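*Asks:* Chains A and B, in that order, are what the protein sequence lines are. The first sequence lines up with residues 1 to 112 when you count with my numbering. The second sequence lines up with residues 113 to 228 when you count with my numbering. Beta carbons are placed, not taken as given, at the ideal position from N, Cα and C, and that holds for glycine. In this text, all values refer to a predicted model and were calculated from it rather than measured experimentally.
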Amino acid sequence: DGGITQSPKYLFRKEGQNVTLSCEQNLNHDAMYWYRQDPGQGLRLIYYSQIVNDFQKGDIAEGYSVSREKKESFPLTVTSAQKNPTAFYLCASGWQGNSPLHFGNGTRLTVT
Amino acid sequence: AQSVTQLDSQVPVFEEAPVELRCNYSSSVSVYLFWYVQYPNQGLQLLLKYLSGSTLVKGINGFEAEFNKSQTSFHLRKPSVHISDTAEYFCAVSGPSGAGSYQLTFGKGTKLSVIP
């Protein structure tokens with residue numbers, strides 16, 4: 001089945017540690033996105049990539065980093081510089097342009 | 113720049129009653145509109161989309177939405193809700209953000225609670 005796989009589903013880390021969230025898609029989509037979801041705030045765009053080896057900052061990129069070495073993969077690293085990292089993180093992919101996005105099932109990160 | 117406002121953060125409704133979830137957007141250019149649904153601890157699923165053509169759009173699970181350009185609205189409706197419709201619903205607008213790319217902007221979501 002084609003889709004987007006995010007792993008792990010739940011992740012716990014101590015403050016000060018970097019952590020990497022995985023996102024893989026087999027839909028052959030060009031574009032991939034990372035969103036952060038907090039209660040009552042909707043989805044906010046962290047980073048997006050329209051093509052391999054290229055990516056752009058979204059609205060809340062500070063404290064995060066990404067890479068796009070392969071079309072299928074778009075990992076997100078939450079660094080120790082992110083002041084409030086506890087959240088639900090959603091990865092999405094789609095064709096460029098106005099096509100709708102396909103979402104993974106998310107990773108819930110808790111930092112204590 | 114574009115923005116989306118979902119006017120109600122929570123909507124309780126009795127089972128088999130009709131429901132309308134309201135969405136207004138602002139943009140200086142033509143946009144494309146979407147409704148997504150999110151069940152607890154899951155990702156978002158596309159309910160329906162408006163790209164062009166008929167302003168009444170039908171989606172999955174019996175939902176429909178009407179695009180109203182003059183009122184810049186894209187309200188979601190269902191004539192009779194089921195318990196299984198309990199979820200959070202997100203309105204989103206996609207518009208050009210330069211260099212041939214599009215940016216998708218989400219509203220803050222409306223939690224629909226269906227009461228038995």
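What residues in its chain sit with their C-beta under 6 Å from that of residue 132 (chain B), if we drop five residues either side in the sequence?
*Replies:* Only 187, 189 meet the Cβ criterion.
*Asks:* If you drop the 5 nearest sequence neighbours on each side, which residues of the same chain put their C-beta closer than 6 Å to that of residue 171 (chain B)?
*Replies:* 159, 160
*Asks:* Run through the DSSP bridge pairs and tell me what residue 217 (chain B) is partnered with.
*Replies:* B:205
*Asks:* According to DSSP, is residue 182 (chain B) helix, strand or coil?
*Replies:* coil
*Asks:* Under 7 Å, CB to CB, which of the residues in the stretch 154 to 165 of chain B have a partner in chain A?
*Replies:* 154, 155, 156, 158, 161, 163
*Asks:* Answer with buried or exposed for residue 200 (chain B), where buried requires no fewer than 16 other C-beta atoms within 10 angstroms of its C-beta.
*Replies:* buried
*Asks:* Comparing alpha-carbon positions, which option in B:120, B:191, B:115, B:175 lies nearest residue 40 (chain A)?
*Replies:* B:120
*Asks:* Is residue 106 (chain A) close to chain B, meaning its C-beta is less than 8 Å from at least one C-beta of that chain?
*Replies:* yes
*Asks:* Under 9 Å between beta-carbons, which chain A residues line up against residue 121 (chain B)? List them in chain order, please.
*Replies:* 40
*Asks:* Restricting to Cα atoms, I'd like to know which of B:157, B:196, B:225 is closest to residue 146 (chain B).
*Replies:* B:157
*Asks:* If you pair each beta-carbon of the stretch 58 to 73 of chain A with each one of the stretch 24 to 44 of chain A, do three or more pairs fall below 8 Å?
*Replies:* yes
*Asks:* Rounding to the nearest angstrom, what Cα-Cα distance links residue 135 (chain B) and residue 116 (chain B) in this structure?
*Replies:* Spanning the two alpha carbons is a distance of roughly 7 Å.
*Asks:* Under 7 Å: does the beta carbon of residue 143 (chain B) sit that close to some heavy atom of the ligand ZN?
*Replies:* Among the components modelled here there is no ligand, and therefore nothing to report on the ligand ZN.
*Asks:* Provide the residue span of the beta strand (DSSP E) that contains residue 161 (chain B), from first to last.
*Replies:* First-last of the beta strand (DSSP E) with residue 161 (chain B): 156 to 162.
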